[in-house]
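> So that you can map any letter, position 136 of the sequence shown is 240 in our numbering, and since no number is skipped, the others follow by simple counting. Think of the CB as a built atom: it goes at the ideal place given N, C-alpha and C, for glycine as much as any other residue.
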Amino acid sequence: MNTSDRTGLYQSLLTTFLAHAKERGYIVIGVLGRSEEYVQFMVHDDRVSGEVGSRQWSEPERPLPGAAVRALGRLGFVGGGPERNFARDGLPRSAGKLAKLTDTLLRTAYDLDEDFSPVVHEIHLNDVTLPRAEPFTCEMIAAHLRDHATHFLRDEDGDFRVELNLPDGGGRIVLWFVADGKDGQIYHVHAHPPEGQGPPTRTGALERCNTWNRLHRWPKACVMDVEDGTWRIVLGADIDLSPGITRSLFDTFTERTVGSMIEFWTPTTAGGGASQGSGGEEPSHRQGTDGA
Numbered sequence: 105m106n107t108s109d110r111t112g113l114y115q116s117l118l119t120t121f122l123a124h125a126k127e128r129g130y131i132v133i134g135v136l137g138r139s140e141e142y143v144q145f146m147v148h149d150d151r152v153s154g155e156v157g158s159r160q161w162s163e164p165e166r167p168l169p170g171a172a173v174r175a176l177g178r179l180g181f182v183g184g185g186p187e188r189n190f191a192r193d194g195l196p197r198s199a200g201k202l203a204k205l206t207d208t209l210l211r212t213a214y215d216l217d218e219d220f221s222p223v224v225h226e227i228h229l230n231d232v233t234l235p236r237a238e239p240f241t242c243e244m245i246a247a248h249l250r251d252h253a254t255h256f257l258r259d260e261d262g263d264f265r266v267e268l269n270l271p272d273g274g275g276r277i278v279l280w281f282v283a284d285g286k287d288g289q290i291y292h293v294h295a296h297p298p299e300g301q302g303p304p305t306r307t308g309a310l311e312r313c314n315t316w317n318r319l320h321r322w323p324k325a326c327v328m329d330v331e332d333g334t335w336r337i338v339l340g341a342d343i344d345l346s347p348g349i350t351r352s353l354f355d356t357f358t359e360r361t362v363g364s365m366i367e368f369w370t371p372t373t374a375g376g377g378a379s380q381g382s383g384g385e386e387p388s389h390r391q392g393t394d395g396a
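(1) Answer with buried or exposed for Leu257, where buried requires no fewer than 16 other C-beta atoms within 10 angstroms of its C-beta.
(2) Can you pull the DSSP bridge partners for Asp284?
(3) Between the alpha carbons of Glu218 and Thr107, how many angstroms are there, rounded?
(4) Please determine, among Asp287, Pro298, Glu260, the residue with the shortest C-alpha to C-alpha distance to Arg276.
(5) Short of 6 Å in beta carbon distance, which residues of its chain neighbour Arg236, apart from the five on each side in sequence? Order them along the chain.
(6) On the CB-based measure, 16 or more other CB atoms within 10 Å of its CB, does Asn189 come out buried or exposed?
(7) Can Gly154 and Val143 be called in contact, C-beta distance under 8 Å?
(8) On the criterion of 16 or more Cβ atoms from any shown chain inside 10 Å, does Leu117 qualify as buried, or is it exposed?
(9) Going by other Cβ atoms of all chains shown within 10 Å of its Cβ, with 16 needed for buried, is Pro303 buried or exposed?
(10) From what residue to what residue does the alpha helix (DSSP H) around Glu367 run?
(11) Starting from the C-beta of Asn269, find all residues in its chain whose C-beta is less than 7 Å away, skip the five residues before and the five after it, and write them out in chain order.
(12) For Gly375, which three-state DSSP category applies?
(13) From Ala213 to Pro169, what distance separates their C-alpha atoms?
(14) State the beta-bridge partners of Val173 as determined by DSSP.
(15) Identify whether Glu311 lies in helix, strand or coil by the three-state DSSP scheme.
(16) Along the beta strand (DSSP E) that carries Ala325, what are the first and last residues, could you check?
(17) Where Leu122 and Arg306 are concerned, what is the direct C-alpha to C-alpha distance, given to the nearest angstrom?
(18) What does the alpha-carbon distance come out to for the pair Met328 and Val282?
(19) In chain order, what residues of the same chain have a beta carbon less than 7 Å from the beta carbon of Thr356, not counting five sequence neighbours either side?
(20) Residue range of the beta strand (DSSP E) that Gln115 falls in?
(21) Using only alpha-carbon positions, find the residue among Val132, Asp342, Ala295, Gly157 that is nearest to Asp284.
(22) If Val223 and Leu136 are in contact, beta carbons under 8 Å, what's the gap, nearest whole angstrom?
(23) Determine whether the beta carbon atoms of Gly274 and Gln301 lie at a separation below 8 Å.
(24) With hydrogens ignored, establish whether the beta-carbon of Ser198 is closer than 7 Å to any heavy atom of the ligand MG.
(25) Terminal residues of the continuous alpha helix (DSSP H) containing Glu243?
(26) Would you kindly work out how many angstroms separate the C-alpha atoms of Asp251 and Ile245, rounded to a whole number?
(27) Only counting runs of 3 or more residues, tell me where the beta strand (DSSP E) segments fall wholly within the segment 128 to 188, in order along the chain.
(28) Just to confirm the assignment, what range does the alpha helix (DSSP H) spanning Ala199 have?
(29) Beta-carbon separation of Ser352 and Gln289 under 8 Å?
(30) Hey, Pro323 and Leu310: beta-carbon distance below 8 Å or not?
This is the structure in structure tokens:
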């Protein structure tokens, strides 16, 4: 999972946590497969404090490297040692700021790769706990579509196809909902454009995609070349759900992703489907949108 997707996931979790956590409520976010490496936030006297796992609770002889300890100190997190975490009080009560801080702390403390996968160990709102994460399956996708009264088709690979009419006469987009990757644990949503929509040149399409990507976390927009020499804009978003996910978070991710795809292709919006790009090349004849 990349930094942008992780930060978006953290922010969704922390928004719920900050809105509903009572005194002594807490949330623990860690690294998949590494139980001693985590960040936790707690609410006390309407203030937010944070801790970074010292990694010395069950293994006292395994402290963090000196460089990591010094870097955490520069972020205001001090302490550490056997059965003692690095701690800081008076953190901002902002889901966005805490989300960015979470990723920074995990990577700083544990020297993680940029694409590491997080896991939510626990959310406790003090006597009110959120639903537990469920394993991600194709049935979770189907249930979401049925709950939203959405007509869908499934292809021979088990992928879900949905066609949506855009507002303001913007045409029809084709959406695909896919359980991808090893063991089907990567949730991928991508959209094919309405026929005839978008900039007439490849240069204009690239400019449009770059502008969108600067302003939006997801879905990502890219220009895809086709074997016959044509091209088209494709929107896509994916998230690693191997740790599992709650139904509410799954619904939120899907709804926001689809909503942004509709926004991209709606003619009356800022990034709308009928806007024209720039460039001196000849217009391309786009491929139809009925295939996967």
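So, from the data block:
(1) Label assigned to Leu257: exposed.
(2) DSSP, once it has assigned bridges, lists Ile290 as partnering Asp284.
(3) Glu218 and Thr107 have their C-alpha atoms spaced approximately 7 Å apart.
(4) Here the closest residue by C-alpha is Pro298.
(5) In the same chain as Arg236, and ignoring 5 residues on each side of it, no C-beta atom comes closer than 6 Å to its own.
(6) Of the residues assessed, Asn189 falls on the buried side of the cut-off, its CB having 16 or more other CB atoms within 10 angstroms.
(7) Going by C-beta atoms, Gly154 is nearer than 8 Å to Val143.
(8) By the neighbour-count rule (16 or more Cβ atoms within 10 Å), Leu117 is buried.
(9) Classification for Pro303: buried.
(10) Element bounds for Glu367: 351 to 369.
(11) In the same chain as Asn269, and ignoring 5 residues on each side of it, the C-beta atoms closer than 7 Å to its own belong to Arg276, in chain order.
(12) Any reading at Gly375 is ruled out, since the residue's pLDDT is 47, under 50, leaving its predicted position unreliable.
(13) Looking at the two C-alpha atoms, the distance is approximately 8 Å.
(14) For Val173, which the question treats as bridged, DSSP gives no partner whatsoever.
(15) In this structure, Glu311 counts as helix in the three-state DSSP scheme.
(16) For Ala325, the uninterrupted beta strand (DSSP E) run begins and ends at 324 to 329, by DSSP.
(17) Our two residues, Leu122 and Arg306, have alpha carbons roughly 44 Å apart in a direct line.
(18) Cα-Cα distance, rounded: 18 Å.
(19) The residues are Ser116.
(20) Note, Gln115: premise wrong, no beta strand (DSSP E); alpha helix (DSSP H) at 107 to 124.
(21) Measuring from the Cα of Asp284, the nearest candidate turns out to be Asp342.
(22) 5 Å between Cβ atoms; contact.
(23) Contact flag set, yes.
(24) In the structure shown, the ligand MG is absent, as is every other ligand, since no ligand is present at all.
(25) Bounds of the alpha helix (DSSP H) holding Glu243 are 242 to 251.
(26) Taking C-alpha positions only, Asp251 is separated from Ile245 by approximately 10 Å.
(27) Counting only runs of 3 or more, we get 130 to 135, 138 to 148, 151 to 156.
(28) 199 to 214 is the extent of the alpha helix (DSSP H) around Ala199.
(29) No, these two residues do not count as a Cβ contact at 8 Å.
(30) With contacts defined as CB atoms closer than 8 Å, Pro323 and Leu310 fail to qualify as a contacting pair.
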